[in-house]
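Engineer:
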Amino acid sequence: MDCLADENMQNLNTLLTGGADGKFAIPLAKVSKHLTVLECDESCFIDTRDFESLLSKLQRHELHNVDVLKLDFQSFQLQEPFDLIFTSCSRHYSRNKEFGVWSFIDKILSLSHTGSLLFPEKAHFAVPYDHTHKMGIFMGKIS
């Protein structure tokens with residue numbers, strides 16, 4: 709998230725795949741012109757005694773430049789190209805395992821325009837310790 713302090717990384721049209729508990733959605737929304745969040749886990753939309761949902765956190769932080777869509781990455785249809793794509797655990801979702809890694813990359817390319825940036829991350833809210841998924845971590849600029 710340190711790179712978001714760079715002025716060139718702000719005011720972008722951003723896509724976040726895997727919004728979960730808002731660990732990345734909140735800081736991305738604060739610097740993005742607009743943030744689209746894809747989340748398919750029903751539990752992320754429900755407030756409980758021990759968990760504040762992503763929607764509630766966005767409301768509490770008064771972030772109104774965010775659309776949260778309840779669907780998985782592979783079924784998302786392009787509305788407009790994104791400047792920044794930040795993947796948060798979307799590749800390993802069980803419903804996405806039927807798609808190969810190249811399908812995942814092709815999907816990212818279809819949602820990007822030339823010059824877009826891609827940032828995948830490591831840990832997710834259900835596993836709070838730092839770990840790396842078998843797909844590895846990669847980042848790149850679409851050219």
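709 is the number of the first residue of the sequence shown in my numbering; add one for each residue after it. For glycine and all other residues, C-beta sits at the position ideal for the given N, C-alpha and C.
1) Please work out which residues of its chain come closer than 7 Å, Cβ to Cβ, to LYS815, disregarding the five sequence neighbours upstream and downstream, and give them in chain order.
2) For the stretch 765 to 781 and the stretch 729 to 738, state whether three or more C-beta atom pairs, one from each stretch, are separated by less than 8 Å.
3) Once DSSP output is grouped into helix, strand and coil, what is the label at ASP749?
4) Need the endpoints of the beta strand (DSSP E) that LEU771 sits in, please.
5) May I ask which residues mark the beginning and end of the beta strand (DSSP E) holding LEU723?
6) Please classify ASP710 as buried or exposed, where buried requires at least 16 neighbouring CB atoms within 10 angstroms.
7) According to the Cβ coordinates, are MET813 and THR725 closer than 9 Å?
Structural biologist: Per the coordinate set shown:
1) Hits under 7 Å: PHE781 and GLN782.
2) Yes: at least three Cβ pairs fall under 8 Å.
3) The answer is coil: DSSP assigns ASP749 none of H, G, I, E or B.
4) From DSSP, LEU771 is part of no beta strand (DSSP E); its letter is neither H nor E.
5) LEU723 -> beta strand (DSSP E) spans 721 to 725.
6) ASP710 comes out exposed.
7) One detail in the question is off: residue 813 reads as Ile in this sequence, not Met. For ILE813 and THR725, no; Cβs fall outside 9 Å.
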